[in-house]
Amino acid sequence: MSAPTGTLAEGHRPAQKKKKSAVAGTLYRGNEGMWSWVLHRITGVAIFFFLLVHILDTALIRVTPEAYNAVIGTYQNPIMGIGEVGLVGAIVFHAFNGLRIILVDYWSKGTAYQKYLFYVVIGLWVVTMLAFAPRHLINVFSH
Amino acid sequence: MSTPTVEASVPAAAEEHRSFTVTLIIRRFDPEVDDEPRWQDFDVQMYPTDRILDALHQIKWDQDGSLTFRRSCAHGICGSDAMRINGRNRLACKTLIKDLDISKPIYVEAIKGLPLEKDLIVDMEPFFASYRDVQPFLIANSQPGAGKERVQTIADRERFDDTTKCILCAACTSSCPVFWTDGQYFGPAAIVNAHRFIFDSRDEASSVRLDILNDKEGVWRCRTTFNCSEACPRGIQVTKAIAEVKQAIVRGKV
């Protein structure tokens, strides 16, 4: 990776690199593959933070059952209920898209059908959420 | 062809060949003047059959001679003029005006992920360094057969035909979100050119190349976003080639 030597511009280069990242160009217009990857990343990070909190609050049972009940009790409100819809939505997408990525990597025709597989993932996500969200929201708002 | 057909097609052809004004917004950067890149507008008269490269020529020759870009053959073979046109990596010499929405300005900027040198020119050295690292040449220690040639069946040649088409324009590598943030990643183009020899029955160093690519910065960085396959001006199924290299590493054989 040796840079061409003796060029005038060489001295400027490190500074330029920093400045270049400051002014980004247009957003790259990727297709289904890129956006499924972006969504996979976002949902993955979101699920990670949920699990972090989830492990901490579940660990409270080792402190005292009362402390555990007190913390879990604060989750019983509509805002957290709606948040749970988002959580399940993120997990369902991440799970189905994870299966899609496994097919793309291990199925010899996976790369050829990746776009269709993405719409299958979206379809399965919609079906799952249609089954889950109404039932869940009725529970949240009727108690 | 009969005469009426010819007559009928003439007005249609004339309609087709009327020129119109196209606005290009180009991301300029002059390292001697600018601290940061800036966008600049240009209006050019273009025919639908003209290419973005023709628009860039018209600007450079008639409007602003300081506009800097690479081009060599201008026919989609040399791979010099890969750039981001309306947010997608394309060869300027293969992108026709009629295939773009000219009711809106056309955004043209340098490819992403490589150090910007000037206007539409980036430093290609990191890209070529990755290319060299995969040893993109035939390695054979055995003597060729009696006929002095290394004979190959049609099926064996077909196996890697797709990846022989690469022109090293960097459209794929600089479309890869992983490469943008991790410049150490070999990138799609290097893997494509490794694939071309890994699956060549005459080559004897497949295991060496698979070893090189079985690196933290090798094929496993690929997150199958398919930007590379979509960007390739030669229509190479890049992500498929990368997936085949992954498979070869997992199975330990080609």
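From first to last, the protein sequence lines stand for chains A and B.
Position 46 of the first sequence, counting from 1, maps to 46 under our numbering, and the rest follow consecutively.
Position 114 of the second sequence, counting from 1, maps to 1114 under our numbering, and the rest follow consecutively.
Backbone N, C-alpha and C fix where the C-beta goes; we use that ideal spot for every residue, glycine too.
- Looking at the backbone, the Cα of V1033/B and that of L1116/B are separated by about 14 angstroms.
- Using a CB distance cut-off of 7 angstroms, E1230/B counts as an interface residue toward chain A.
- At a Cβ-Cβ threshold of 7 angstroms, T26/A and Y1047/B do not count as neighbours.
- The stretch 1228 to 1248 of chain B and the stretch 1186 to 1202 of chain B touch, with three or more beta-carbon pairs separated by less than 8 angstroms.
- Taking a C-beta distance under 7 angstroms as the contact criterion, R1223/B and R29/A do not qualify as a contact pair.
- If you draw a straight line from the Cα of V1134/B to the Cα of R1209/B, it comes to about 6 angstroms.
- DSSP places T1021/B inside the beta strand (DSSP E), whose first and last residues are 1020 to 1028.
- For Q114/A, the enclosing alpha helix (DSSP H) starts and ends at 114 to 142.
- Look at I47/A here: in three-state DSSP terms it is helix.
- For V1245/B, there is no enclosing beta strand (DSSP E); the enclosing alpha helix (DSSP H) has its first and last residue at 1238 to 1251.
- Minimum Cα-Cα distance from I47/A among the listed residues G89/A, I79/A, Y119/A corresponds to G89/A.
- Ranked by how close their Cα comes to the Cα of S1174/B, the residues S1206/B, V1122/B, P1126/B, I1111/B have I1111/B in first place.
- Annotation: G33/A to A70/A spans about 44 angstroms, alpha carbon to alpha carbon.
- E1158/B carries a helical assignment under DSSP once its states are collapsed to helix, strand and coil.
- With the rule of 3 Cβ pairs closer than 8 angstroms, the stretch 50 to 59 of chain A does not count as touching the stretch 103 to 114 of chain A.
- The C-beta separation of I1052/B from W1039/B comes to about 16 angstroms, leaving the pair out of contact by the 8 angstroms criterion.
- Non-local C-beta neighbours of F96/A in its own chain, meaning closer than 7 angstroms and more than five positions away in sequence, comprise V121, L124, W125, ordered along the chain.
- When the five nearest sequence neighbours on each side are left out, the beta carbons in the same chain lying within less than 8 angstroms of the beta carbon of V104/A are those of G110, T111, Q114, L117, in order along the chain.
- Between D1162/B and Q1237/B, the CB-CB gap stays under 7 angstroms.
- Judged by their CB atoms, P1136/B and N1214/B are not nearer to each other than the 7 angstroms cut-off.
- Straight-line measurement puts the Cα of F141/A at about 10 angstroms from the Cα of Q76/A.
- What N31/A touches in chain B, judged by beta-carbon distance under 8 angstroms, is F1226, N1227, E1230, going in chain order.
- With a 10 Å radius around the Cβ and a threshold of 16 neighbouring Cβ atoms, E66/A comes out exposed.
- If you draw a straight line from the Cα of H1075/B to the Cα of F1127/B, it is about 22 angstroms long.
- For E1109/B, the pairing in a beta bridge is given by DSSP as R1084/B.
- Across the stretch 1097 to 1112 of chain B, CB contacts with chain A closer than 9 angstroms involve Y1107, E1109, A1110, K1112, in sequence order along the chain.
- Nearest neighbour of A1190/B by Cα position, chosen from L1091/B, K1098/B, D1062/B, R1132/B, turns out to be R1132/B.
- Between C1166/B and A1082/B, the gap from beta carbon to beta carbon reaches 7 angstroms or more.
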